[in-house]
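Okay, structure first, notes after.
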Amino acid sequence: MILKYYIIFNYSSIVLVFMLLMLMVLKLVPTELFMPLLYIGIAILVLRIILRIYLSSYNKKLQKGG
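Following our numbering, the numbering of the sequence shown begins with 107 at its first residue and continues without gaps.
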C-alpha cells in the first residue's frame, strides 16, 4: 500500500519539477520567482530521496519478518 502511494508521489513530483523548469526556461514567470521556484524544486527532489531511503529500509524490515 505504501509502495503504491510512493510511486504516485514519485512520478507526480518528477512532472511537477519538470513543469517548474519549463516555466523558468520559457520565462512564463517573472525572474524574481526563479529562486523560490528553484528552492521548491530542490525541496521536492530531496523529499523524494528521503522517502526512497525510508521505503527501502521499511521493505528490508518487512522481508526480515520484523
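Quick reminder that beta carbons are idealized off the backbone N, C-alpha and C, glycines included. Given the structure is predicted, the values throughout are model-derived calculations rather than measurements.
Open item on the list: Under 8 Å, with one C-beta from each stretch per pair, do the segment 145 to 164 and the segment 119 to 136 reach the 3-pair mark?
Closed with: Because the criterion of three Cβ pairs below 8 Å is met, the segment 145 to 164 and the segment 119 to 136 touch.
Open item on the list: Can you look up L132 in the DSSP assignment and give me helix, strand or coil?
Closed with: Residue state, collapsed to three classes: coil.
Open item on the list: So, for L129: in the same chain, excluding its five sequence neighbours on each side, which residues have a beta-carbon less than 8 Å away from its beta-carbon?
Closed with: Taking C-beta separations shorter than 8 Å and ignoring five residues to either side along the sequence, the partners of L129 in its chain run V135 and L143, following chain order.
Open item on the list: Can you give me the C-alpha to C-alpha distance between T137 and G171, rounded to a whole angstrom?
Closed with: It is roughly 52 Å from the alpha-carbon of T137 to the alpha-carbon of G171.
Open item on the list: Tell me the rounded alpha-carbon separation between F115 and I156.
Closed with: Their Cα atoms are separated by approximately 12 Å.
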